[in-house]
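In what follows, a single structure is set out as structure tokens and then discussed.
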Amino acid sequence: MRFAGLRTLFAIVIVAGLPQVASAQTVGFADAIKILAASCGKDITAHCESASLANNGIMQCLDQNQAKVSQQCNADRAVVAGLIQARLAAQAEAPKVCQRDAAQYCKGVKPGAGHILRCLLKAEPSVSKKCNTAIDLAGYR
Amino acid sequence: MNKFILAGVSAALVMSAAAGSQAQTKLSRNEIINSLQGAQQEVDINADQIQKAAIENIEKYPGANSPQSLPLADKLASLRQFNIEITFHFDSATIAPESYEAVGLIADALHTPYLQGQTFVIVGHTDAKGARDYNLELSIKRAQAVREALATTFRVPGETLASVGLGEEQLRDPASPDAAVNRRVQLINLGYK
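Here is the structure:
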């Protein structure tokens, strides 16, 4: 699991270093929070057993105990928060970026229940690079 | 710097190999989506009614184990749904770290356009060990904990999520009331508002 932490750290370093590489990946919520469980699981059990995963409870507790928790956990906490944020931002962005493609290639498709997304996925070869990238970053493919 | 990049690449290889070997058995976001999508347009049942049914069942048919299944059971069974095991600390509503990933998977599913705009109820269930009203309370708190984690940490729109606890009133395996399979969290699609 240390590998996972390292790998995502690098993903972030690469994104930060080369912002023009917009296709740098984002990860899903499950993969992001898995890093927290792997890096901080023992510390959570030891110091934050009654803290809640909700309302930033775990993060706050680990923060308060940062002198006691492992180095890996201290390093990966911010990584995990950043990954969740990145995915949320990408998902908020995708419908905006794909608006024109949807209007062009999915005329008459009823919005809702993922109909537009299904249409855009099917039309992938014609869909703009920007929109295809936005769909990838949102984790919708 | 080169050394670090190499480390990154080899880590990526390890990751993809692991993902490949687990693909058959591991729960995926798409399984959750497939089970939940295609809900009826209008579902004439809400979270409060489900919760009330469980409380009434305990009052009406007291005893160690319920002799009567929930009146709404058939109706609930007809809805799009998914069962997922989430581990909590013993006798507590705190989600254990080994289940963070499972909660994240639910979030991944609920954030896709396939399920957006629909409402979901998170239903907590226990096995039949212990008193029924105690189990009911615990399951209510556990379902709430999952709901809160989804709505805050993973920003699933709170207005689309309700939670109820059914304690041991709707066992998944009534033949083995104490079996672990009964301890689960169920996601039910209540359709479009």
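Note that the protein sequences, when read in sequence, are chains A and B. Counting from 1, one number per residue, gives the positions in the first sequence under the UniProt record's numbering. Counting from 1, one number per residue, gives the positions in the second sequence under the UniProt record's numbering. Even glycine gets a Cβ: it sits at the ideal position worked out from N, Cα and C. Keep in mind the model is a prediction, meaning the values are calculated, not measured.
- Between V97 (chain A) and I33 (chain A), the gap from beta carbon to beta carbon reaches 9 angstroms or more.
- Residue-level contact check: F82 (chain B) does not touch chain A, since none of the beta carbons of chain A fall below 9 angstroms from its beta carbon.
- Remark: C-beta atoms of N83 (chain B) and V185 (chain B) approach each other more closely than 9 angstroms.
- With a threshold of 9 angstroms between beta carbons, L88 (chain A) makes contact with chain B.
- In this model, V164 (chain B) and P177 (chain B) are separated by some 20 angstroms (Cα to Cα).
- Near chain B, meaning a CB-to-CB distance below 8 angstroms, the residues of the stretch 44-56 of chain A are I44, T45, E49, S50, A51, S52, L53, A54, N55, N56.
- Not a single CB atom of chain A sits nearer than 9 angstroms to the CB of P174 (chain B).
- No Cβ-Cβ contact shorter than 9 angstroms links S52 (chain A) with A162 (chain B).
- When secondary structure is reduced to three states using DSSP, G108 (chain A) falls in the coil class, being assigned neither helix nor strand.
- For the 9 angstroms CB-CB criterion, Q116 (chain B) and G112 (chain A) form a contact.
- Residue contact with chain A for I95 (chain B): present (Cβ-Cβ distance below 9 angstroms to some residue of chain A).
- Counting other Cβ atoms within 10 Å of its Cβ, H125 (chain B) reaches 16 or more and is therefore classed as buried.
- Following the DSSP letters along the chain, one finds R141 (chain A) in no beta strand (DSSP E), marked with neither H nor E.
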